[in-house]
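There are 4 protein chains.
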Amino acid sequence: MNSIGTLFRLTLFGSSHGTCIGCVVDGIPPGTVIDEAAMAQDLALRKPITGIGTPRKEDDVVEILSGVVGGRASGSPLTIIIRNANTDSSAYEKLRDVPRPGHADFTALSKYGADVDIRGGGQFSGRMTAPIVAAGTIAKKMLQDIGIKTGAYSQAIGSVLDWEERTLDDMVHIRSVSPARAADVVIGECMVEEILAVAAEGDSVGGIIKCVCENLPIGVGEPFFDTLEGEISKMIFAIPGVKGIEFGSGFAASLMRGSVHNDIFAVSGNDIVTETNHAGGILGGISSGMPLELRVCIKPTASIRKMQHSVSLAEMKKVELQIGGRHDPCIVPRAVPVVEAAVAITLVDLCMRGGFFATPRVNEPVTPRVGGPSRHG
Amino acid sequence: MNSIGTLFRLTLFGSSHGTCIGCVVDGIPPGTVIDEAAMAQDLALRKPITGIGTPRKEDDVVEILSGVVGGRASGSPLTIIIRNANTDSSAYEKLRDVPRPGHADFTALSKYGADVDIRGGGQFSGRMTAPIVAAGTIAKKMLQDIGIKTGAYSQAIGSVLDWEERTLDDMVHIRSVSPARAADVVIGECMVEEILAVAAEGDSVGGIIKCVCENLPIGVGEPFFDTLEGEISKMIFAIPGVKGIEFGSGFAASLMRGSVHNDIFAVSGNDIVTETNHAGGILGGISSGMPLELRVCIKPTASIRKMQHSVSLAEMKKVELQIGGRHDPCIVPRAVPVVEAAVAITLVDLCMRGGFFATPRVNEPVTPRVGGPSRHG
Amino acid sequence: MNSIGTLFRLTLFGSSHGTCIGCVVDGIPPGTVIDEAAMAQDLALRKPITGIGTPRKEDDVVEILSGVVGGRASGSPLTIIIRNANTDSSAYEKLRDVPRPGHADFTALSKYGADVDIRGGGQFSGRMTAPIVAAGTIAKKMLQDIGIKTGAYSQAIGSVLDWEERTLDDMVHIRSVSPARAADVVIGECMVEEILAVAAEGDSVGGIIKCVCENLPIGVGEPFFDTLEGEISKMIFAIPGVKGIEFGSGFAASLMRGSVHNDIFAVSGNDIVTETNHAGGILGGISSGMPLELRVCIKPTASIRKMQHSVSLAEMKKVELQIGGRHDPCIVPRAVPVVEAAVAITLVDLCMRGGFFATPRVNEPVTPRVGGPSRHG
Amino acid sequence: MNSIGTLFRLTLFGSSHGTCIGCVVDGIPPGTVIDEAAMAQDLALRKPITGIGTPRKEDDVVEILSGVVGGRASGSPLTIIIRNANTDSSAYEKLRDVPRPGHADFTALSKYGADVDIRGGGQFSGRMTAPIVAAGTIAKKMLQDIGIKTGAYSQAIGSVLDWEERTLDDMVHIRSVSPARAADVVIGECMVEEILAVAAEGDSVGGIIKCVCENLPIGVGEPFFDTLEGEISKMIFAIPGVKGIEFGSGFAASLMRGSVHNDIFAVSGNDIVTETNHAGGILGGISSGMPLELRVCIKPTASIRKMQHSVSLAEMKKVELQIGGRHDPCIVPRAVPVVEAAVAITLVDLCMRGGFFATPRVNEPVTPRVGGPSRHG
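Protein chains in written order, with my numbering: chain A, 175 to 551; chain B, 175 to 551; chain C, 175 to 551; chain D, 175 to 551.
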């Protein structure tokens, strides 16, 4: 279904070439400041980047239809829509007969039948991630209010890898100015070159996004099934193009010895820390207090300018396929704010479930207490 | 929480050193054959392997407490328990003060407080996966009934990698006799050597499990959030020790070009296939009809014989820690049937949600139809 | 939370005096005809009735923002909004200090704090039921497509009771022209008189709505907890003003003997029927094939013109309260289409869960089958 | 499905004549005292009452299989089983052909097919409520710990009605000694006489149970759908034999004027109370601080000694039916502790969702805080 979350719940709707895309966010504590400027800023990070992105121009102006009064959440579901301005669907008509390789056209038609909306990818489009980013702004604000900070950046694009440890500050500040959403200016420039080279060939390239979350309190995550890794993964795989996810040491752990992989506990002031963080901040599905670290692999964009082959479903024969429309040669940079938003949304839900957001009624009762004997009669 | 699934729901209970471990499986169609011998066979694959496993001996005899009459599911929840026979908890007493590196002791104590049961890992123990295997036997039977086959094997243990394509037959037949649960006899022997070498040093080693599912019909998986990847990942990360998951090309996709990664559609008889399967059988979160392929990374066992360091929580100072108890130097082989079961359980739920199990009332009405005008008076 | 349903899920948003009210409906099978004219007709039944209703005029024009292409559901979530045109909130300002008796002002302020939107009842307003009616039009269409018919009518308003058995035809046809939404013209006129008499005193009156559903197949409802009664009740109590619900014989059963209450099975043609229907069409939480019958009690409107007392929360003293704004002296007639919609929405979800909607892929495969051996590499 | 609850979740299993009945309770805060003696006491209230109940003798000894260490909840799911000792299923064999009027035999066979277990009512049996009572003991303890008290009693059995206001003390103390579970000794004796008179005729009788909950804090209940009434109703209708539920004034509200029904707010010390409680302690689906009051109607027992008619499904003709087995002429007294348990379980879940149980980590951190910079490398 198109909803996710237990106490903080996101419901997505819309399609790439319909009237609009949007979402309903339920469970926002009343009084939470809803910062539309911050939302616009986060959405700007998701926009196509001049020179290396699709020429599709969407203003992505957020309209809030419900749930906010005077800039603050009212406690009822918050509804966001973003209108689709720039929809030329003509290029998509023949996809009903000739499905694009690497896209959901074929499976969507098979599952939903002829009425499914596949224009621009329909409900499978990367454009559906814009409302996730908008909801993520709210989630990040809620996390910040209890001291939790999140960040994400392009760690690899094609063969350009950034294996340095990056601070959250690097991520947040440099990536805003780096068109590749890198955490280092020079590496970001190399990444842009990689993308331009690939684009020149009419091809596309993938990459890896790293996401970090600091100051997460100990105890976030609900074993056995609603673990930190499990809940985050489910959310992350909703992002089109994701092929894998790993936490901490990840797949490298398969080659390590236990004596190396185990993070040794140590005392640091009044805190207990670990000397390494191969666990990625998670033990037994529960946050350990060390930074949460995860990496997400994004495949090369399925839509490429190069001539490809596919089949005509009507004629059941091989045909050539030249994809028109507007596409990014690399979606990794645009997926950076999406991954960050997705992680933040999941963390808010798990923090609420774990009782990490103090409720107003416990701390500061708003009104006098009702009570007294029953007088029903 | 300890439940997962929408229409086919698994609820786990128990702890490593309590009375028993077990599960409730809800949603099994009445009449489904419950094969206790097959369950025992699957559980045998999860047992410690003589020579390379822990000396803890558990008979793992399944008792079915409810939901089965005459060898067939009755439609009410099926409850399984496996009693814990071999529980010497004395070694775990000091862990409340000195948490083991790489284990959930520290986070469990922080989240749940002093009353949490951490003997033998408590509810975080790998032993909790035995009921998953038992439930998986039921799920695999249900999948087989509609033609779907699943298999899993150790693809890598430490530095011993098996990069050949393996057929489901290889997986299922060879892994039963290979102590390493490999799909190739010779590679399996190398894996055992690797494990023995590591064990001799008092250390442990990780690895990678590959799981494949064939004949999955097109259309399994519910976008936007309840995708095939998302639902499987959430389930897989419940397995202790998992650090990452990838589908199809996985993390390798970050280095590929779109023109290479895109799987080209082709006609094969009356079917549409793809020439490659980098997608791992999934497009847009929905099964494409090509084999579902996924890889899971397992970290080296956290419990090692080697001397380690940790802290005393009471004294807030560094201490030495020598872990006793009984442990596997490599849990990868034992996790193979668990991964297979976890995938099968998730697939059954998604197949039910997608309407791929015909319900008896549609095909073969059991009793005459009740009807007639209202005669309430 | 503001979502309900497992496979057919309704998410409500908006508030009485905000920008709009609306809902997201997830799980509509692609290809389902979305009849906006029928939606408008159902919404017209919920509008204030000239002469006996509030003078608040709302056009209640439905805008569909997503999920429909060419008049048919696309399989992605359907989003409906209804803009609030006629919102004079000035009368609601002092309610933050002086809560209205019988309203949610006091509990909403206590639970959500000062930021809650209580203008016009906010998210607790009866106006929130308009999107339920719109979603109900879709649900009723889906039920009709498999032969299930639903109807509801005012069975009692104040002391005017209609104890005759009414056919679904009576309900559907007469209630459209009866301002009281009665199933009998004369009784409807008496109800209107009752309402006018009460309104003349500045007071309000309650009543009872009966809902019937015919041709429900045997087997709808999921024991133990997701029973037909349980799921319907949960939904019905979301309607503001509901104080009770009963099925079949209902509370009268407390005075009956088992030999009278038991519905005797009988053969009728090829069907099995029962001679009476005290069970209201439900046995063991599952539909029996006899008509589903339920009754819902609605309290007298809380907002009355008469002078009342309340307290000033700021001064903690008794004060007089004269409620302005626009209100119905009886909401029973307007709640009739809401009850019908709520029941239909619940039935669709339970019918989907029970497999009573044939999925397109079972009956009419849309595209050729993908398949073939794995060629990953 | 057989699970209910969001943060405090109950999963039922077993059947009347299987090995056992039982449940899994997930979400119990670690450290909660699990009082097996109190459980036994509550279960004793549900046992057949000598003289007026079925001669089926079940010891109903609770075995706790998991989730408790040293008398306290460990934070992992708590599993309870109650073995079925006294199961003579021979009387149930012919029910597969001749369904009993008023029972779920017919609908269960239609929905689940021939494999369903209908011995003794199978999973539809009133016996399934024993684990609910056991789970209710835990829920009531949790509520008591934050000052909330619950009680229930037989308010009516057949024509014997108790219309007095009863205090919680009356309910709890008198009902334990009253075989009818009445809140008044004399009325209880009249109820027993009513039951005996009906039993002498080989017939059965129904009744009404009232449940009250005091000191519920203001703010429990989650609009729009997860209201106090909605969540309680869904749970209550899982109890076999329930035909209706009403809150506060209930169905009587249909005959009242708004000026009478509205509960006027008043100041009482530092509290705000209402002068009457027609709302039953709920406004807008949220607790108001006044006592929660609800009434549940139970139908006369379907199993009666009197000769009845039914049909043979095999021969499709009318047949006579004499029901053997062991049955209560009135299940109202035995349902009293079940209603109380069901309400308590629902309230705990809603209190947890509303943040009314302070979590240990907020108030009293158990261990030092982990933290420090990322040292992944």
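Note that CB positions come from ideal geometry on N, CA and C, so glycine has one too.
Local conformation of residue i per DSSP, three classes
i        : result
C/Gly463 : coil
D/Ala330 : strand
A/Ile178 : strand
D/Ala440 : strand
A/Ala357 : coil
C/Phe187 : strand
C/Ser484 : strand
C/Asp502 : coil
D/Leu239 : strand
Residue i versus residue j - alpha carbon distance
i        : j        : result
C/Arg543 : B/Gly458 : Confidence in C/Arg543 is poor, its pLDDT being 38 and thus under 50, which makes the residue's placement unreliable; the coordinate value appears in the next sentence. Computed Cα separation, rounded: 17 angstroms.
C/Leu429 : D/Asp233 : 32 angstroms
C/Ile392 : C/Asn444 : 14 angstroms
B/Arg349 : B/Phe421 : 22 angstroms
B/Phe182 : B/Pro275 : 36 angstroms
A/Ala356 : A/Ala330 : 9 angstroms
B/Cys385 : B/Cys471 : 11 angstroms
D/Gly545 : A/Gly463 : For D/Gly545, the pLDDT reaches just 39, beneath the cut-off of 50, and the residue's location in the model is therefore unreliable, leaving the point undetermined.
C/Ile361 : C/Arg293 : 36 angstroms
D/Val236 : C/Tyr266 : 55 angstroms
A/Ile456 : A/Leu402 : 7 angstroms
A/Leu466 : C/Ser407 : 43 angstroms
D/Ser352 : C/Lys314 : 49 angstroms
B/Val441 : C/Leu239 : 38 angstroms
B/Leu335 : A/Ala426 : 13 angstroms
Contact test: residue i Cβ vs the ligand MN heavy atom, cutoff 7 angstroms
i        : result
B/Ala427 : Looking for the ligand MN in the displayed structure turns up nothing, as the structure carries no ligands at all.
Beta-carbon contacts of residue i that lie in its chain and below 8 angstroms, excluding the five residues immediately before and after
i        : result
D/Val493 : Val272, His483, Ser484, Val485 and Ser486
D/Arg246 : Pro204, Gly205, Thr206, Val207 and Ile208
Of the residues the options, the one placed nearest residue i, counting alpha carbons only
i        : options                                   : result
C/Lys231 : C/Gly245, C/Val242, C/Asp262 and C/Arg246 : C/Asp262
C/Cys197 : C/Ile255, C/Gly245, C/Ile226 and C/Pro204 : C/Ile255
B/Leu370 : B/Pro203, B/Ala214 and B/Gly225           : B/Gly225
C/Asp344 : C/Pro353, C/Ser333, C/Gly332 and C/Ala326 : C/Ala326
A/Arg508 : A/Gly376, A/Leu390, A/Arg431 and A/Ala304 : A/Ala304
C/Leu495 : D/Gln496, D/Lys323, D/Ser284 and D/Ser433 : D/Ser433
Cutoff 7 angstroms; reference residue i; Cβ partners in own chain excluding five residues on either side
i        : result
B/His501 : Thr228, Thr475 and Ser477
D/Phe439 : Ile446 and Thr448
A/Asn537 : Any reading at A/Asn537 is ruled out, since the residue's pLDDT is 32, under 50, leaving its predicted position unreliable.
Cβ neighbour criterion (16 or more within 10 Å) applied to residue i
i        : result
A/Ile417 : Here residue 417 of chain A is Lys; the residue named in the question, Ile, does not match the sequence. Counting Cβ neighbours within 10 Å, A/Lys417 comes out buried, since at least 16 surround it.
C/Thr281 : buried
B/Met490 : exposed
A/Ser248 : buried
A/Asn436 : buried
D/Thr541 : In this prediction, D/Thr541 has a pLDDT of 39, which is less than 50 and means its spatial position is unreliable; what the coordinates show is noted afterwards. By the 10 Å Cβ count, D/Thr541 comes out buried.
A/Ser423 : buried
Own chain residues within Cβ distance below 6 angstroms of residue i, not counting five before or after
i        : result
B/Gly219 : The sequence given here places Leu at residue 219 of chain B; Gly does not occur at that position. Hits under 6 angstroms: Pro511.
B/Ala488 : Asp271
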